[in-house]
Structure formats: C-alpha cells, structure tokens
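What follows is a single structure, written as structure tokens, with notes after it.
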Amino acid sequence: MVGKGLFISLSCSTKYYFQQHASPNEFRLNPPMPSILILRLSSLGDIVLLTPLIRALRERFPESRIDLVLAKEYEAIVPLMEGISKVHVFDKKSGFRGLLGLRRILQKENYDYVFDLHNVLRTRILRLVLAQHHSVINKRTFRRWLLVRYKFDRLKQAPDVIGRYFETAAPLGVKDAGVGPKLNIPSNHDAARIAIAPGSRHWNKRWPAANFAIVAKELVTRGYHIDVHGSEADRDIAEWIAKELPPGSYTNFAGTLSLADATREIGKAGAIITNDSGLMHIAEAAGTRVIAIFGPTVTQFGFKPRAADAVVLEVKGLYCRPCTANGLEHCPEKHFRCMMEIAPEQAIEILWPMASNTSPGTKA
Numbered sequence: 002m003v004g005k006g007l008f009i010s011l012s013c014s015t016k017y018y019f020q021q022h023a024s025p026n027e028f029r030l031n032p033p034m035p036s037i038l039i040l041r042l043s044s045l046g047d048i049v050l051l052t053p054l055i056r057a058l059r060e061r062f063p064e065s066r067i068d069l070v071l072a073k074e075y076e077a078i079v080p081l082m083e084g085i086s087k088v089h090v091f092d093k094k095s096g097f098r099g100l101l102g103l104r105r106i107l108q109k110e111n112y113d114y115v116f117d118l119h120n121v122l123r124t125r126i127l128r129l130v131l132a133q134h135h136s137v138i139n140k141r142t143f144r145r146w147l148l149v150r151y152k153f154d155r156l157k158q159a160p161d162v163i164g165r166y167f168e169t170a171a172p173l174g175v176k177d178a179g180v181g182p183k184l185n186i187p188s189n190h191d192a193a194r195i196a197i198a199p200g201s202r203h204w205n206k207r208w209p210a211a212n213f214a215i216v217a218k219e220l221v222t223r224g225y226h227i228d229v230h231g232s233e234a235d236r237d238i239a240e241w242i243a244k245e246l247p248p249g250s251y252t253n254f255a256g257t258l259s260l261a262d263a264t265r266e267i268g269k270a271g272a273i274i275t276n277d278s279g280l281m282h283i284a285e286a287a288g289t290r291v292i293a294i295f296g297p298t299v300t301q302f303g304f305k306p307r308a309a310d311a312v313v314l315e316v317k318g319l320y321c322r323p324c325t326a327n328g329l330e331h332c333p334e335k336h337f338r339c340m341m342e343i344a345p346e347q348a349i350e351i352l353w354p355m356a357s358n359t360s361p362g363t364k365a
C-alpha cells in the first residue's frame with residue numbers, strides 16, 4: 002500500500018510547462034534529441050542558478066524533453082524558468098516511501114540522461130536505474146572543507162556553481178557562456194525604489210538589522226522608496242527595520258508574497274542590498290543591481306553574482322573567514338567581525354552614486 006504522502010496522480014506529482022523554442026543546432030548524438038532529467042531539490046538560490054544551463058540545453062536541443070525534479074516549496078518559481086518541459090515535485094513530508102514512489106514515476110519516463118546537480122542521499126536514491134547515462138556534480142567538497150577548516154584555498158581556479166552545473170552536463174556538448182541566471186519577468190525597474198533583503202536561513206549570514214535600517218533611512222532622506230523583502234521567517238526582522246522608517250517611505254513585503262510575486266516585485270527595484278541568500282540570486286535573475294553582503298562565507302564557494310555591475314561587500318583577509326560553507330547559528334570566534342566590520346556607509350557609498358544617475362534623489 003502506498004503511503005499517504007506519495008505523489009501518484011498527475012495533479013500532485015507532475016506539472017507541465019510548455020515553451021516555444023528556437024530552431025535546432027546540429028549535434029551528433031544518439032538519440033539526436035535526448036530526453037533529459039535534472040535533479041536539484043533545493044535550495045532556492047541553487048535552483049535559480051540552473052537557468053543558464055537549462056537555456057543552453059534548450060537552445061541545443063529545442064525538441065527535447067528537459068524535466069526537473071525539485072522540492073515542493075520551490076515549485077512556484079518554475080513558471081518563471083524558461084525551457085523546462087515538465088517538473089516533478091517532491092514533498093519532503095512524504096519521507097522515504099514518497100521518494101521511492103517518485104522514483105517509480107520517473108522510471109516510467111524513460112530518460113536518456115540524468116544529471117544529478119545536488120548529489121545528496123535523496124537524489125542518489127532517485128537517480129538509481131533511471132537512465133543509461135547519468136552524471137553527478139563535482140561540488141569540490143574536500144576543497145571546500147580545506148578552506149573552512151585550514152584556510153587552505155584550492156578553490157581559486159574552480160568554476161562557480163553555474164560552471165559546475167555545465168561540467169556535469171558536458172556529455173551533451175553544452176558550454177558555459179559566462180552568463181548569469183535569468184528569470185522570465187517583465188523588465189520594468191524603477192530607479193526610485195531600492196530593495197533590502199535582511200534575512201537569511203542562518204543567523205551568521207545576516208548583516209545586523211540595524212545596519213540595514215541605517216542604509217534605508219539614509220536613502221529615504223535622498224528621496225527613495227524602500228521595499229523590504231523576505232520570507233515568513235524574516236518577518237520579525239523586516240518589521241523591526243520598517244518601524245525605523247518614516248510612514249509612507251517603505252513597503253514591507255516580507256512574508257506576504259508568493260515566491261513568484263516576490264520575484265516580480267524585486268524585479269521592479271533599481272537595486273537591492275542583500276545578504277548571501279536565495280533572494281540575492283533572485284534579484285540578479287530579475288535584472289536588479291545587486292549589492293551583496295558576504296560575512297562568514299566567501300565568493301570562492303561559487304555563489305558570487307555574475308552580473309558585471311554586482312558588488313560584494315566583505316572583510317577580506319580576516320583570519321577566521323570562512324568559518325562555514327552554509328551558515329551557522331552563532332559566531333565561532335564570538336566577535337562576528339566578518340559582519341560587524343562592514344559599515345553601512347560602504348553600502349550607501351555604492352548605492353547612492355549608482356542610483357543618483359537616474360534617481361529622484363532630493364540631495365547630493
């Protein structure tokens with residue numbers, strides 16, 4: 002008997018998204034238009050970073066089936082991702098039985114190629130016996146550990162996360178053109194709006210809320226409207242910052258929008274200041290100028306925005322950076338210098354000249 006959490010019906014487990022594609026490029030492959038499955042369950046930023054690879058695959062194989070497996074909480078972003086034929090949704094609440102049920106569904110699809118771009122236990126279980134050809138991402142786990150544990154950097158010449166995705170798909174002849182992520186939303190940036198995203202899943206990846214408030218208040222005095230973004234988990238931080246701003250000078254979107262709607266709203270801003278988080282990648286994919294705060298993590302991990310006008314603020318040369326690859330709920334050294342030594346004035350100095358080129362600012 003199949004467990005309650007399994008996705009059996011089409012309405013529960015599989016959603017279809019149809020796209021129009023360009024004419025095919027010649028590429029000798031058997032079959033010439035292979036069916037492809039991409040496994041990437043989470044997280045938000047990693048899924049958004051799939052978009053350059055999916056676009057490249059679609060351009061090379063315009064008639065191929067290119068399907069994606071992701072976790073249920075990120076399903077809402079899929080309609081904004083061009084080139085996907087079908088998405089299979091996994092609900093983590095369904096547990097191991099749900100995972101096996103999803104694998105049975107995938108087996109019936111008869112894929113030619115499976116690319117595991119996550120390489121965790123769940124995707125290892127899913128990819129078993131799904132296709133004759135499969136390829137697994139090289140996450141440079143040992144090199145990452147060396148950098149965190151001993152500050153021995155063997156990642157300087159390594160490709161970023163998008164580049165690693167392309168490495169995995171190399172058997173199909175697609176190449177990384179160096180472009181960043183892109184989501185399908187209207188391009189209607191308003192230079193009078195500046196977004197801030199003060200949240201992050203982990204405590205030590207959050208720049209202090211007081212610093213976001215200082216930046217926001219200064220920009221308000223110069224004539225800008227502030228949009229505060231974040232998830233439901235970020236609502237308390239967002240509300241604290243909002244209370245520091247004059248009435249009517251801000252819109253607090255934290256915890257109020259769907260993922261797709263939040264992406265569209267971020268895409269309306271002229272710029273965003275954000276922690277190293279999923280919303281950083283959302284903003285870049287929406288075409289919004291990114292000013293990113295990197296504290297305990299470093300750009301060598303592969304998550305630095307690719308956009309030419311993106312800026313990363315970080316404390317370089319700090320002996321304890323990086324202290325983690327993913328984030329912690331404390332500062333191991335108990336001083337939090339990686340965040341405390343990034344001054345609000347640094348962000349203002351970058352934001353103001355950029356925004357003032359086309360802005361309604363009230364003072365220079």
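In this note's numbering, the protein residues as written are 2 to 365.
Yeah, the Cβ is synthetic: ideal placement off N, Cα and C, and Gly gets one too.
Quick caveat, the model's predicted, so the values are computed rather than measured.
Exposed or buried, what is residue i when buried is set at 16 or more other beta-carbons lying within 10 Å of its beta-carbon?
i      : result
PHE116 : buried
LYS176 : exposed
ASN358 : Note that ASN358 scores 46 on pLDDT, short of 50, meaning its location in the model is unreliable; the coordinates nonetheless yield the value given after this. Under this definition ASN358 is an exposed residue.
GLU346 : exposed
ALA293 : buried
GLY96  : exposed
Can you grab the Cα-Cα spacing for the pair residue i / residue j, in whole Å?
i      : j      : result
GLU315 : ALA217 : 19 angstroms
PHE295 : ALA171 : 30 angstroms
LEU131 : THR124 : 11 angstroms
THR264 : GLU330 : 27 angstroms
ALA210 : ALA196 : 14 angstroms
ALA77  : GLY200 : 20 angstroms
PRO306 : HIS282 : 7 angstroms
VAL221 : LEU246 : 8 angstroms
THR325 : PRO297 : 6 angstroms
VAL313 : ASN212 : 16 angstroms
GLU83  : LEU184 : 7 angstroms
THR300 : GLU64  : 36 angstroms
GLU334 : MET340 : 12 angstroms
VAL162 : PHE302 : 8 angstroms
ILE85  : HIS336 : 45 angstroms
ARG128 : TYR320 : 40 angstroms
Over what stretch of residues does the alpha helix (DSSP H) that includes residue i continue unbroken?
i      : result
LEU127 : 122-128
PHE153 : That residue, PHE153, is in no alpha helix (DSSP H); it is neither H nor E in DSSP.
ASP262 : 260-267
On a Cα-Cα basis, can you pick out the residue from the options that is closest to residue i?
i      : options                           : result
ALA178 : ILE349, LEU122, ARG165 and ASN185 : ARG165
ASN276 : ALA287, LYS269 and PHE304         : PHE304
GLY318 : ILE126, ARG338, ARG61 and VAL312  : ARG338
ALA287 : LYS269, PHE302 and GLN301         : LYS269
ALA193 : PRO182, ALA272 and THR142         : ALA272
TRP204 : GLY328, THR257 and ALA72          : GLY328
PHE143 : ALA159, ALA261 and LEU260         : ALA159
GLU168 : TRP241, LYS140 and VAL88          : LYS140
For the beta strand (DSSP E) containing residue i, list its first residue and its last residue.
i     : result
LEU50 : From DSSP, LEU50 is part of no beta strand (DSSP E); its letter is neither H nor E.
LYS87 : 87-91
### Message
Below 8 angstroms, how does it come out for the region 220-229 and the region 249-260: are there three or more Cβ pairs, yes or no?
### Response
yes
### Task
Assess, as a yes-or-no matter, whether the region 48-66 is touched by the region 143-158 under the definition of 3 or more beta carbon pairs within less than 8 angstroms.
no
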